[in-house]
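The structure appears right after this line, and notes come after that.
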Amino acid sequence: MAGAHLVIGTAGHIDHGKTSMIRALTGVDLDTLPEEKNRGITIALGFAKLELNHNSRLTPGPPGSVGRDSSTGNLGFESASVALRPRNRSAAFVDVPGHERLVRTMIAGATGVDAVLLCVSAIDGVMPQTREHLSILGLLGVSEGAIVLTMADLVDPELLELAEMDVKELVEGTFLSDKPLVVFSATEGTGVEELKSIIGGFGTPTRALDGPFRLPVDRAFVQPGFGTVVTGTVLSGHVTDPNQVTLLPAGTMARVRGIEVHGSKSNEARAGWRVALNLAGVEQQAVPRGTVVVRGEVPCSQMLDVLYHHLPDEPPLDDGAPVRILTGTAECLGRIHAAVETSQFRPGSSCWAQIRLEEPLPCLHGDRFILRRTSPMVTLGGGEIIDPWAPRMRPKNRIDHGQQIERLHRGDPLIWLERAGAAGLSPAEWSQRTPDTTLGVILGDRILAPTTVGRLEGALLQELTEYHQNSPLSLGAHRRELRHGHLRRLTDKAFDALVDRLATTRAIEAKGALVRVVSFTVKLDEEQKALFGRLTHTIDTAGLQGVSIKALHQKHAEPEVAAMMRLVENQELASQIAGIGWISQQALSDLKTEIESWFAKNSTLTPGDFKALTGLSRKNAIPLLEWLDKSRITERHGDSRIAGSTLRR
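Listed below in structure tokens is the structure:
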């Protein structure tokens, strides 16, 4: 669908003319529920589509299916239209309720709006929900809008002037302080053209399309002939028809089989657009308000690090107090803990904090939230989610934790890697957090912070140094012997990559599974040298008959035999053959030469041939034949052997 799109929200106290204002602008009556008609107030969210046409005039177009429970031939997107050329833009009004008991609905409707029209009755002036709605809009990061002084035809000039002074005092210091104020009457049409002109001048924010698609659902219903339809304002990314999507936090899969954008059919939905999605494979009851339709990776977290602003007019809030958090169209109970040294969140203060939720909530870095008391239900404050992947904050580390949140807020994504520690993050997890994948260090299948890699390199060198001190006769440690402390948190691939990384610096030497500090050498005293010589002589003399470790201990009754044999093996002077014992490397090399000569004249080698060739009994011949197979010097075919891949090269 071509063109740019705006989402404009209304705000204000109950019965201050929000719905009448939209009707005057678009010709659409959004109070369609029987209770709304009877009581003259808005209860549920209402929506009206606008197309912005020639110059700055907004001209009503053909109405679509208007109301909150449509049953006509399209997806049921409530619409009327208005237009502005040459920019070819459209807008959607979101009409929110003004009653204090419906603030949750108001917040759901305000999610993702680009601009707001704050309605204040000239009769009543500023009222409690006027203040609360304005505070909420500021906390949600809304920065565009206008003030509409409604019902101007019902008051005299003096009262109108007082109401104007009242509202100007209210918005001083807020995002509406420098925005236009329109004196408005839906009945007489006063201010309608002026307000249309102002709306036509609202800028269209730039939206990122490369992130995951996210649609917080503010309404779900069944449309005859179509099935389940969900509506909302797209927060990020884009999705096309058809495509698979996931419903969070439940994790239910569904398929997009139809899209409407601002009331018109479309083959895609983008960030900032007011959309209706026709979903296949899911029932309406499986999509409660608060569900987020996503395509891509979005975490469902119960631990959120945030920047929290406590409203100036609200009393102090105790650290660890129970709260109700609202973000997108969802709400959840939890507790808030300060990441600074304080026992209370004081009026007008801002600080780093952690919110611990009772249920998982789908959200991302940069999302806005509102905090309300659990009882009575009043708005306390709100702010910005800094880390939806946050680790649990420990009371003794709250200052350090707060400093980490501050670094993330300043735009330092490395803190995510530092928090992950030696476990690191997968490439997919890292790409969720930042598009700049060059910041971390790739170790095998993980990405780690440079500082973490430095500490792990130091830990590996320390482990090796201690190993050499405890095993001075060993040429090096097996890799798996070094997996202690933080090194145990590395995956196998990451640990091997760490060893290889240190080896390239010449700090260590890695030969197969064996690792040693480059500067380390085995130093034998005279007695150890003599024992080493006696052991190698015993093995050399035994030839292919081999010597068991038990026989070596019996012949050389000294405590260092086992350690010395590790040195013999590490220097590749002998190998242990299963079922026989130690055989010198020279004897095994000579055997390979004999086998190679045999196959130069023969195509197969039977066990009988092998015994005749070597003079060995069956007891030693079979284990050696199996060793030859394992070494690929021979290859078993039935009861015989042929030349293996090592000899065929």
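Taken in order, the sequence shown gives residues 2 to 650; the numbers are from my numbering. For each residue, glycine too, the CB sits at the ideal point set by N, CA and C.
With C-beta atoms as the reference, is residue i less than 8 Å away from residue j?
i	j	result
V562	L574	no
G161	L135	It should be pointed out that residue 161 corresponds to Leu in this sequence rather than to Gly. Contact flag unset, no.
L249	V307	no
R393	M304	yes
P348	E315	yes
L672	I448	Residue 672 is absent from the structure shown; the chain starts at 2 and stops at 650.
F185	E145	no
L440	E464	no
R502	G477	no
G113	L236	yes
H263	H14	no
S265	Y309	no
L617	R642	no
A287	G228	no
A340	H402	yes
V8	A92	yes
D154	T191	yes
I406	I387	yes
R271	R208	yes
I509	G547	no
S475	N621	no
D96	I200	no
A187	S21	yes
V143	V183	no
R619	D630	no
M566	L536	yes
Please confirm if residue i has its CB atom under 8 Å from at least one CB of chain B.
i	result
A543	Structure shown: chain B not included; a single protein chain is present.
If I follow the unbroken alpha helix (DSSP H) through residue i, where does it start and stop?
i	result
R132	129-140
S646	646-649
I199	193-201
E658	Nothing about residue 658 can be reported from this structure: the residues present for the chain run from 2 to 650 only.
T505	493-505
A339	First-last for A339: 331-339, but that is the beta strand (DSSP E), not the alpha helix (DSSP H).
L589	586-602
L26	19-27
In terms of alpha-carbon separation, which member of the options lies closest to residue i?
i	options	result
I356	G384, R347, H338	H338
T241	T112, A511, P389, R296	R296
S632	A270, E559, N621, A644	A644
V519	K530, L525, T505	T505
M166	S186, G201, V121, L140	V121
E430	R374, G455, L365, T466	L365
I581	V223, L625, V454	L625
P436	A558, D211, A187	D211
G382	L141, R637, I9, L589	L141
V127	G228, L216, H17	H17
G111	I371, G547, G455	First, the residue type needs correcting, since residue 111 is Ala and not Gly in the sequence shown. Per the Cα distances, I371.
C301	L358, H311, G28, E133	L358
K530	L568, A543, T542	L568
P313	M254, G335, W353, T380	T380
M152	S472, E173, E189	E189
G367	R395, E269, P414	P414
Q224	Q285, Q587, R395, N398	Q285
D320	W353, V294, E332	W353
K612	T27, I623, R420	I623
Grab the span of the beta strand (DSSP E) containing residue i for me, first residue to last.
i	result
E636	635-638
T328	323-328
L155	Careful: L155 lies outside any beta strand (DSSP E) and carries neither H nor E.
A660	Past the edges of the chain, shown from 2 to 650, lies residue 660, and the structure says nothing about it.
N398	Premise fails: N398 is in no beta strand (DSSP E) and is neither H nor E.
T542	From DSSP, T542 is part of no beta strand (DSSP E) but of the alpha helix (DSSP H) over 527-543.
W628	Taken as a continuous stretch (DSSP letters only), W628 belongs to no beta strand (DSSP E), being part of the alpha helix (DSSP H) at 619-631.
Quick one: measure Cβ to Cβ for residue i and residue j, integer angstroms, because I've assumed they're closer than 8 Å.
i	j	result
V149	A123	Not really, about 10 Å apart at Cβ, beyond 8 Å.
G238	P217	Wrong, their Cβ atoms sit about 13 Å apart, outside the cutoff.
T1	I596	Look at the range of the chain in this structure, 2 to 650, and you will see that residue 1 is not part of it.
H479	L515	6 Å
L362	T330	The pair is not a contact, with the Cβ atoms about 11 Å apart (cut-off 8 Å).
L589	W599	With 8 Å as the limit, L589 and W599 do not qualify as a contact, their Cβ atoms being about 15 Å apart.
L334	T292	Not quite, the Cβ-Cβ distance comes to about 17 Å (not below 8 Å), so this is no contact.
L592	H557	L592 to H557, Cβ: 25 Å. No contact.
G119	L177	Per the sequence shown, residue 119 should be read as Leu rather than Gly. Contact flag correct, Cβ pair sits at about 6 Å.
Worksheet item: Does the segment 275-294 come close enough to the segment 220-236 to have 3 or more Cβ pairs within less than 8 Å?
Response: yes
Worksheet item: Taking three-plus beta-carbon pairs below 8 Å as touching, is the segment 498-515 in contact with the segment 542-556?
Response: no
Worksheet item: Are at least three pairs of beta-carbons, each pair with one atom in the segment 243-258 and one in the segment 194-205, less than 8 Å apart?
Response: no
Worksheet item: Would you say the segment 446-464 touches the segment 314-329, given that touching needs at least three Cβ pairs under 8 Å?
Response: no
Discussion item. Using 8 Å as the cut-off, can you tell me whether the segment 475-495 makes contact with the segment 420-433, which would need three or more C-beta pairs spanning the two stretches below that distance?
Written reply: yes
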